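Trainee: Got a structure for you, written out below as structure tokens; questions coming shortly.
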Amino acid sequence: MATTTTVATTIPNLLHGFWSFAVTKSLESFNSLSNESVKMHSHALALFLVYLLVHVFLVLGDKSASADIKGKSSSSSLALRLKKNSRLIELPAPTSTSRGFPTSTVNQASTNDELDDSDDDNSTLTEPSMGDLELDLEKQCPRSTPAERRRFLVACNGRLEPAATRLQQYLEWHQKYQILQSTCPRIRPTRDRDYDVWVESCLVAMKACGEVENIVLPRVIRSYQRIQSYKEGEAAAPKARDCHVMTDEEGHRIFHIIPAMMDDKLAKQSTYTLAVALYLDRQVDRHSMDTVTICMDVRAGRGWPNTHAVKLVPFMKSSLKLLLPLFPERLHKCVVYPLPSAFYFLWTMISKCMDAVTAAKICVVSGKCFIEAAPPIDKLIAQLGEEPALLLEPARVSMFKA
Numbered sequence: 001m002a003t004t005t006t007v008a009t010t011i012p013n014l015l016h017g018f019w020s021f022a023v024t025k026s027l028e029s030f031n032s033l034s035n036e037s038v039k040m041h042s043h044a045l046a047l048f049l050v051y052l053l054v055h056v057f058l059v060l061g062d063k064s065a066s067a068d069i070k071g072k073s074s075s076s077s078l079a080l081r082l083k084k085n086s087r088l089i090e091l092p093a094p095t096s097t098s099r100g101f102p103t104s105t106v107n108q109a110s111t112n113d114e115l116d117d118s119d120d121d122n123s124t125l126t127e128p129s130m131g132d133l134e135l136d137l138e139k140q141c142p143r144s145t146p147a148e149r150r151r152f153l154v155a156c157n158g159r160l161e162p163a164a165t166r167l168q169q170y171l172e173w174h175q176k177y178q179i180l181q182s183t184c185p186r187i188r189p190t191r192d193r194d195y196d197v198w199v200e201s202c203l204v205a206m207k208a209c210g211e212v213e214n215i216v217l218p219r220v221i222r223s224y225q226r227i228q229s230y231k232e233g234e235a236a237a238p239k240a241r242d243c244h245v246m247t248d249e250e251g252h253r254i255f256h257i258i259p260a261m262m263d264d265k266l267a268k269q270s271t272y273t274l275a276v277a278l279y280l281d282r283q284v285d286r287h288s289m290d291t292v293t294i295c296m297d298v299r300a301g302r303g304w305p306n307t308h309a310v311k312l313v314p315f316m317k318s319s320l321k322l323l324l325p326l327f328p329e330r331l332h333k334c335v336v337y338p339l340p341s342a343f344y345f346l347w348t349m350i351s352k353c354m355d356a357v358t359a360a361k362i363c364v365v366s367g368k369c370f371i372e373a374a375p376p377i378d379k380l381i382a383q384l385g386e387e388p389a390l391l392l393e394p395a396r397v398s399m400f401k402a
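Counted the way UniProt numbering counts, the sequence shown spans residues 1 to 402.
Spelled out as structure tokens, the structure:
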């Protein structure tokens with residue numbers, strides 16, 4: 001435990017130190033529009049994202065693990081049985097190889113206990129089964145779906161009370177903004193359903209935060225679709241049933257996030273955070289156990305606001321603070337790119353000190369950070385597969401402005 005705690009505090013502190021250095025250099029040159037300025041901006045943003053992810057996985061996860069171990073030593077083995085007993089309800093098994101953050105430290109620390117079948121058999125006599133827990137949770141949260149009940153139970157290591165509290169908070173949040181959306185003007189659908197969802201999410205977020213309601217915020221997050229077929233006699237825009245979402249090679253839906261597009265002059269950063277949360281709530285099926293892959297491109301863009309990394313810090317922090325409790329067990333992995341080679345080497349060394357589950361969820365890809373620089377295609381293909389990796393850059397360039 002002492003070693004884990006040391007690693008959990010040293011690694012984020014080391015990354016934060018390098019981020020502070022990059023920010024200092026970036027601020028010195030950001031008033032100019034030179035390539036060096038843009039590159040340093042991307043470096044600072046990439047390093048902060050990595051630092052923030054590591055902080056969430058290691059520091060917060062370690063604290064959560066300690067609390068769980070003190071409160072209930074058998075919670076980890078119970079959480080494993082939640083997955084073992086998945087046949088009790090008709091749901092697909094989670095596609096992620098772990099329970100997501102912030103419980104990875106518990107997973108690693110209790111592996112031997114979880115794999116001990118004799119211990120599982122003995123504790124089953126006294127601890128509630130998956131079916132019992134879900135039935136109890138359904139009574140407390142009748143408006144929830146079976147998939148939601150499972151995700152929140154797994155995220156809380158099988159503890160009914162915190163799972164019920166968190167799930168009820170999500171349901172109240174979901175209902176609140178559904179009601180608010182019914183008061184917003186309806187938009188005219190376009191050929192891009194993903195764009196329509198973003199616009200609707202922005203309108204609700206702007207109204208909720210007291211912003212100017214007729215402004216559509218820059219599209220900082222998006223997903224892509226594979227169009228399978230067109231039906232004769234219908235409009236040029238394909239129906240939603242004719243489209244399939246873009247996934248990585250493992251079948252996880254991809255969401256493309258470009259922080260440099262955010263314009264803090266149009267709305268507060270908290271408004272962007274809420275818009276992203278509403279967008280994800282509508283795009284991810286509440287009845288499924290699907291997990292997603294986040295692709296975070298930290299490069300600046302031509303004609304974009306290119307808000308400095310320092311100003312993006314509150315947005316990143318508030319996004320994680322809001323999204324993690326609302327969507328537990330949804331993240332498959334987060335791909336952050338491109339990180340400069342020198343810092344990527346540092347990350348390679350640091351990741352060797354982390355447990356395999358945490359390291360697998362934070363995927364750092366090295367590459368050049370200039371606006372016009374080619375993306376690290378081969379490395380992205382290794383992470384995502386060929387089709388999505390080749391799609392991301394044309395989509396990014398299409399958003400450039402003169």
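Here a beta-carbon is modelled for each residue, glycine too, at the ideal position from N, C-alpha and C.
On a predicted model such as this, the values are computed, not experimentally measured, just so you know.
1) Report the CB separation of residue 220 from residue 246 in whole angstroms; it is logged as a contact under 8 Å.
2) Can you tell me which residues form a DSSP beta bridge with residue 130?
3) Quick one: what's got a C-beta closer than 6 Å to residue 136's C-beta in the same chain, skipping five residues either side?
4) Which full runs of the alpha helix (DSSP H) of 4+ residues lie inside the region 159-184, going along the chain?
5) If contact is defined by three or more beta carbon pairs under 8 Å, each pair taking one atom from either stretch, is the region 327-342 in contact with the region 283-303?
6) Which complete beta strand (DSSP E) runs does the region 246-315 hold, if anything under 3 residues is left out?
7) Bridge partners of residue 397, per DSSP?
8) Kindly indicate which three-state DSSP category residue 328 falls into: helix, strand or coil?
9) Hey, would you say residue 171 sits closer than 8 Å to residue 143, going by beta carbons?
10) Can you have a look at residue 402 and say buried or exposed, based on whether 16 or more other CB atoms are within 10 angstroms of its CB?
11) Between which two residues does the alpha helix (DSSP H) holding residue 366 run?
12) Quick check: is any heavy atom of the ligand FAD less than 7 Å from the C-beta of residue 266?
13) Indicate whether the contact test is met: 3 or more Cβ pairs, each with one atom in the region 267-281 and one in the region 312-324, closer than 8 Å.
14) Going by DSSP in three states, residue 334 sits in which element: helix, strand or coil?
15) Keeping to the same chain, check which residues put their C-beta closer than 8 Å to that of residue 395; ignore five residues upstream and five downstream.
16) If contact is defined by three or more beta carbon pairs under 8 Å, each pair taking one atom from either stretch, is the region 336-355 in contact with the region 207-221?
17) Report all residues from its chain with a CB closer than 7 Å to the CB of residue 314; omit the five preceding and five following residues, and keep chain order.
18) Please confirm whether residue 204 and residue 252 have their CB atoms less than 8 Å apart.
Mentor: The answer reads as follows:
1) Looking up residue 220 in the sequence shown gives position 220. Looking up residue 246 in the sequence shown gives position 246. With a contact defined as Cβ atoms closer than 8 Å, residue 220 and residue 246 miss out at about 18 Å.
2) In the sequence shown, residue 130 corresponds to position 130, counting from 1. DSSP lists no partner for residue 130.
3) As a first step, residue 136 is located in the sequence shown; it is residue number 136 there, counting from the start. Once the five neighbours on either side are set aside, the close Cβ partners of residue 136 are 160.
4) The region 159-184 contains these whole alpha helix (DSSP H) runs: 160-181.
5) Between the region 283-303 and the region 327-342 there are three or more C-beta pairs closer than 8 Å, enough to call the two in contact.
6) Complete beta strand (DSSP E) runs here, min 3: 253-257, 292-297.
7) Translated into positions along the sequence shown, residue 397 becomes position 397. Under DSSP, residue 397 takes part in no beta bridge, so it has no partner.
8) Translated into positions along the sequence shown, residue 328 becomes position 328. The answer is coil: DSSP assigns residue 328 none of H, G, I, E or B.
9) Indexing the sequence shown from 1 puts residue 171 at position 171. Indexing the sequence shown from 1 puts residue 143 at position 143. With respect to residue 143, residue 171 sits close: the two C-beta atoms are nearer than 8 Å.
10) Along the sequence shown, read from residue 1 onward, the residue named residue 402 stands at position 402. Exposed: under 16 other Cβ atoms inside 10 Å.
11) Indexing the sequence shown from 1 puts residue 366 at position 366. Segment 362-366 is the beta strand (DSSP E) holding residue 366; no alpha helix (DSSP H) there.
12) For the ligand FAD, the structure offers nothing, since it holds no ligand at all.
13) In short, these stretches touch, since the Cβ pair count reaches three.
14) Position 334 of the sequence shown holds residue 334. Look at residue 334 here: in three-state DSSP terms it is strand.
15) Locating residue 395 in the sequence shown gives position 395, counting from the first residue. For residue 395, same chain residues with a beta-carbon under 8 Å away, outside a window of 5 residues either side, are 222, 224, 256 in chain order.
16) The answer is no - the region 336-355 does not touch the region 207-221, with fewer than three Cβ pairs under 8 Å.
17) On the sequence shown, position 314 is the one that residue 314 refers to. The residues are 269.
18) For the purposes of this step, residue 204 is identified with residue 204 of the sequence shown, where counting begins at 1. For the purposes of this step, residue 252 is identified with residue 252 of the sequence shown, where counting begins at 1. No, Cβ-Cβ distance for residue 204 and residue 252 is not below 8 Å.
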